[in-house]
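K.L.:
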Amino acid sequence: MMGSGSTVLILGVQGTLGHRLALDLPGLGYEVMGTCRRSPVVLTGYGLQRYFQATDREALDNLLQDMMPDVVVNCIGWVRQRPVEGWLSEAILVNAVLPHWLSETCGALGIGLVHISTDCVGDDDWYGASKRLGENLEHGAVLRTSFIGHELERRRGLLEWILSQQGAVDGYYNVRWSGLTTNELARVIGVYVIPALDGLAGKVWNVCGRDISKWQLLRRINEVYGCGLEIRPAREPWADHRLDGTEFQAVTGYEPRPWQQLLTEMREAEAVKA
-14 MMGSGSTVLI LGVQGTLGHR LALDLPGLGY EVMGTCRRSP VVLTGYGLQR
36 YFQATDREAL DNLLQDMMPD VVVNCIGWVR QRPVEGWLSE AILVNAVLPH
86 WLSETCGALG IGLVHISTDC VGDDDWYGAS KRLGENLEHG AVLRTSFIGH
136 ELERRRGLLE WILSQQGAVD GYYNVRWSGL TTNELARVIG VYVIPALDGL
186 AGKVWNVCGR DISKWQLLRR INEVYGCGLE IRPAREPWAD HRLDGTEFQA
236 VTGYEPRPWQ QLLTEMREAE AVKA
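This note's numbering numbers the first residue of the sequence shown as -14 and each following residue consecutively.
#1: Could you tell me which residues DSSP puts in a beta bridge with V79?
#2: Can you check which of these residues, I206, F132, V64, is closest to V154 by C-alpha distance?
#3: Residues in its own chain within less than 7 Å of G(-10) by CB, not counting five upstream and five downstream?
#4: Rounded to whole angstroms, what's the CA-CA distance from H85 to V(-7)? Just pull it up for me.
#5: Check whether the region 229 to 246 touches the region 181 to 200, counting contact only when three or more Cβ pairs, one atom from each stretch, lie closer than 8 Å.
#6: Kindly indicate which residue of V79, G125, H124, I147 has the alpha-carbon position closest to the one of H135.
#7: Using CA coordinates, which residue listed in S115, L170, H124, W72 is at the minimum distance from L94?
#8: Beta-carbon separation of Y112 and W72 under 9 Å?
#9: Would you mind listing the beta strand (DSSP E) stretches within the region 176 to 255 that are 3+ residues and don't spill past its ends, in chain order?
#10: Quick check on Y112: does DSSP put it in helix, strand or coil?
#11: Suppose you measure from the CA of D104 to the CA of T130; what does that come to, to the nearest Å?
#12: How far does the alpha helix (DSSP H) with A39 in it extend, from its first residue to its last?
#13: Return the CA-CA distance between G175 and I96, expressed in angstroms with no decimal places.
#14: Is it right to say Q(-1) is buried, meaning 16 or more other beta carbons lie within 10 angstroms of its own, or is it exposed?
#15: Over what stretch of residues does the beta strand (DSSP E) that includes L97 continue unbroken?
#16: Hey, V56 and L87: beta-carbon distance below 9 Å or not?
#17: Measure the alpha-carbon distance for C212 versus C91 and round it to whole angstroms.
#18: If I follow the unbroken beta strand (DSSP E) through I147, where does it start and stop?
Here it is as structure tokens:
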């Protein structure tokens, strides 16, 4: 059984979820290390950092053998918002092949593995297909999830987008979602996943929050962050990205909390970080 006192290696510590894990896991009793995709990278307070190229299998094996953490949390992924033209083979390698490399090496070394997947695995495009191929791992727990949060670098996500807007914006009334904030997902991983990792390994788990539409979500963000925007309900497009997290909740005891609470906690944590 793993838990407080365990050493956690975060792959992708500069990312939206990775940096939040690095900030929050120490407060839950974990020792944190992290890898960055570029060198040099200075991230004060984000744990011991190492440069790591995710497309290099030999470098991955050497990294894990050298650092020998108790648990690896893989936050590396080629996101849909990132341009893929001219880079499709690398994007597929990162999303579909890297998780299996991790599964093989972590399994051989006796290292626990948590791999972050997406609620878009059912989408009929390169992104959905590549993430789907990266899910069926022989070793480790796969968390199929989705999240919003503050970013350190490119600021491509929904939260950073709305915080940069002025005037009126459209919110998708018929796009349903059940994701989490990065702060809440970091808490879930530290409190509910890593301590129960032995029992969760070898399976894909839907880890999600309360059902909300993108229109409702933008309204909540607008209110909590005091953006002063007009959020107009847009009836198109229609999409349903909700996950059923009842099995994960039954096994771990996790209970999704209200969105107002999650967003308020995220705003307050960002103010402290700043």
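Glycine included, every Cβ here is placed at the ideal spot set by N, Cα and C.
P.N.:
Quick look at the numbers:
#1: Sequence index remark: in the sequence shown, residue 79 carries index 94 (1-based). Answer by DSSP bridge pairing: none, since V79 is not bridged.
#2: Working through the sequence shown from its first residue, we reach residue 154 at position 169. When each option's Cα is compared against that of V154, the closest is I206.
#3: Looking up residue -10 in the sequence shown gives position 5. Once the five neighbours on either side are set aside, the close Cβ partners of G(-10) are G14.
#4: As a first step, residue 85 must be located in the sequence shown, where it is residue number 100. As a first step, residue -7 must be located in the sequence shown, where it is residue number 8. Taking the straight line joining both Cα atoms gives about 19 Å.
#5: yes
#6: Looking up residue 135 in the sequence shown gives position 150. The residue with the shortest Cα to Cα distance from H135 is I147.
#7: Taking the sequence shown and counting its residues from 1, one reaches residue 94 at position 109. Cα-wise, what sits closest to L94 is H124.
#8: In the sequence shown, the residue the question calls residue 112 occupies position 127. In the sequence shown, the residue the question calls residue 72 occupies position 87. In this structure, W72 does not lie closer than 9 Å to Y112 by Cβ.
#9: 188 to 191, 215 to 219
#10: Within the sequence shown, numbered from 1, the residue matching residue 112 stands at position 127. Note: Y112 maps to helix in three-state DSSP.
#11: Along the sequence shown, read from residue 1 onward, the residue named residue 104 stands at position 119. Along the sequence shown, read from residue 1 onward, the residue named residue 130 stands at position 145. Straight-line Cα distance between these residues: approximately 5 Å.
#12: Position 54 of the sequence shown, counting from 1, holds the residue named residue 39. That residue, A39, is in no alpha helix (DSSP H); it is neither H nor E in DSSP.
#13: In the sequence shown, counting from the first residue as 1, residue 175 sits at position 190. In the sequence shown, counting from the first residue as 1, residue 96 sits at position 111. Rounded to the nearest angstrom, the two C-alpha atoms are 16 Å apart.
#14: Here residue -1 refers to the residue found at position 14 when the sequence shown is read from its first residue. Result: buried.
#15: Walking along the sequence shown from the start, residue 97 turns up at place 112. A small correction: the amino acid at residue 97 is Gly; Leu does not occupy that position in the sequence shown. Run containing G97: 97 to 101, per the beta strand (DSSP E) assignment.
#16: Residue 56 sits at position 71 when you count from the first residue of the sequence shown. Residue 87 sits at position 102 when you count from the first residue of the sequence shown. Not a contact, by the Cβ cut-off of 9 Å.
#17: As a first step, residue 212 is located in the sequence shown; it is residue number 227 there, counting from the start. As a first step, residue 91 is located in the sequence shown; it is residue number 106 there, counting from the start. Approximately 44 Å, taken between the alpha carbons.
#18: To locate residue 147, count along the sequence shown from 1; it is residue 162. Looking at the DSSP string, I147 is not in any beta strand (DSSP E); the run it does join, the alpha helix (DSSP H), is 143 to 148.
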